[in-house]
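Asks:
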Amino acid sequence: MAIEMGRPEAGALGDVVRVLREWQDDAAPVQLHPGDVGWFWRFGAERTAEATRTWSRAGKVVAVGLLDGADLLRLAFAPEAFRDREVARQVAQDVSAPEHGVLPDGKVHVEAPTGALVQDLLLEGGWESGEPWTPLRRDLGAPVPDPGVPVEVIGPERAREWAAVLRASFDGSTFTEERWHAMAAGAPYAGARCLVIRHEKGEAVAAVAVWPAGKGRPGLIEPMGVHRDHRRHGYGRAITLAAAHALRESGSSSVVVCTPSSNVGAVATYRSAGLETLPERRDLYRDAS
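Per my numbering, the very first residue in the sequence shown carries number 400; after that it's consecutive.
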């Protein structure tokens, strides 16, 4: 039966999020998470819908893609579709042909879960291995150590403060209070939390968003940042522990995160909070310019 690619309407994104939640499993490779869609939702529902692609067979979604920028497609697959040749062939064909409206001409990237057959087909089709990424995971079956500092859950009245910490954590960040409200209005934010920690003078110095996928499923950290004026004081470890604690309270089975391997500081911070590195993976790229 044919595999059909589609682009959901904004009102149907909740169904896509539900499917992504069902696909999250500690026994499976880390892949596109509903929290990734939730973080993208800071740009609003319409733009999130425009960036989303689904592949379906007989009306059932078997793969989901998120255009995280114009030149990067991040993929997730239903468990039964990981090595499904028909699904992989159609996804590879769609992402490789600019006329199909997924990725443009020029240098483009695809991030697929480790072991997905689509990786093999793209490499056979001339794509090349690109940037290495490090996934990390911490099991939440056991209690999480106390972060050692007060942790605050941020609501709408403190959105401006959370946004300010995030801007001070990432060079070039344009995150605003308005984008926080757009993110919090999205379907993936149900059960999610934004946290901050403060130093002794009361200033917020680190921020994180945590995204559960449901009880017994992995939860995601995205993003996590420490104010550039307050680094090297253990705040990254503390806010990561706070995130893990919040996800455990929500019933998540584990906490996962994925960061560029070149960001050695982030990898070290996550490991200091008890996350274990998983096998490194690489995105794939094609340069047709």
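Don't be surprised by glycine CBs; every beta carbon is placed ideally from N, CA and C. Values in this document were obtained by computation on a predicted structure and should not be read as measured data.
Work out the CA separation of Ala642 and Lys600 for me, nearest whole Å.
Replies: Those two C-alpha atoms are separated by around 22 Å.
Asks: For Pro542, name the three-state secondary structure that DSSP assigns.
Replies: The answer is coil: DSSP assigns Pro542 none of H, G, I, E or B.
Asks: Give me the Cα-Cα distance between Gly468 and Glu621, rounded to the nearest whole angstrom.
Replies: Their Cα atoms are separated by approximately 16 Å.
Asks: What are the uninterrupted segments assigned as beta strand (DSSP E) that are 3 or more residues long and contained completely in the stretch 600 to 646, given in chain order?
Replies: DSSP runs (the beta strand (DSSP E)) wholly in the stretch 600 to 646: 603 to 610, 617 to 625.
Asks: Can you tell me the Cβ-Cβ gap for Pro433 and Arg420, rounded? I've got them flagged as a contact below 8 Å.
Replies: Right, the Cβ-Cβ distance comes to about 5 Å (below 8 Å), so this counts as a contact.
Asks: Rounded to whole angstroms, what is the Cα-Cα separation between Asp545 and Leu640?
Replies: Roughly 7 Å between the two C-alpha positions.
Asks: I'd like the list of long-range same chain contacts for Trp610, defined as Cβ closer than 7 Å, with 5 residues on each side in sequence excluded.
Replies: Excluding positions up to five away in sequence, the list reads His432, Pro433, Gly434, Gly437, Pro587, Ala591, Gly618, Leu619, Glu621.
Asks: Residues in the same chain with beta-carbon distance under 6 Å from Val517, minus the five sequence neighbours each way, listed in chain order, please.
Replies: Result list for Val517: Ala487, Val490, Ala491, Ala511, in chain order.
Asks: Going by other Cβ atoms of all chains shown within 10 Å of its Cβ, with 16 needed for buried, is Ser356 buried or exposed?
Replies: The displayed coordinates of the chain run from 400 to 688. Any statement about residue 356 would go beyond what the structure contains.
Asks: Might you give, ordered along the chain, the residues of its own chain that have their beta carbon closer than 7 Å to the beta carbon of Pro416, omitting 5 neighbours on each side?
Replies: A small correction: the amino acid at residue 416 is Val; Pro does not occupy that position in the sequence shown. For Val416, where only same-chain residues beyond five positions count, the Cβ hits under 7 Å are Pro433, Val436, Ala586, Pro587.
Asks: Please name the residue in Val595, Val654, Ser652, Pro503 whose C-alpha comes closest to that of Val625.
Replies: Ranking Val595, Val654, Ser652, Pro503 by Cα distance to Val625 puts Val595 first.
Asks: Pull up the DSSP beta-bridge partners for Gly464, would you.
Replies: Gly464 pairs with Arg452, Leu474.
Asks: Three-state secondary structure (DSSP) at Pro659?
Replies: In the structure shown, Pro659 sits in a strand (DSSP, three-state: E or B).
Asks: Provide the residue(s) that pair with Tyr684 in DSSP beta bridges, ordered along the chain.
Replies: In DSSP, Tyr684 forms a bridge with His508, Glu527.
Asks: Apart from the five residues on each side of it in sequence, which residues of its chain come closer than 8 Å, Cβ to Cβ, to Leu471?
Replies: Taken in chain order, the residues that qualify are Val507, His508, Val509, Glu510, Asp682.
Asks: Verify whether the separation of the beta carbon atoms of Trp454 and Glu403 is less than 9 Å.
Replies: Contact: yes.
Asks: May I ask which residues mark the beginning and end of the alpha helix (DSSP H) holding Leu594?
Replies: Taken as a continuous stretch (DSSP letters only), Leu594 belongs to no alpha helix (DSSP H), being part of the beta strand (DSSP E) at 592 to 597.
Asks: Between which two residues does the beta strand (DSSP E) holding Val494 run?
Replies: Here Val494 belongs to no beta strand (DSSP E); instead the alpha helix (DSSP H) covers 484 to 495.
Asks: Strictly under 9 Å for the Cβ-Cβ distance: is Glu527 near chain D by that measure?
Replies: As a matter of chain content, chain D is missing from the structure shown, which is built from one protein chain.
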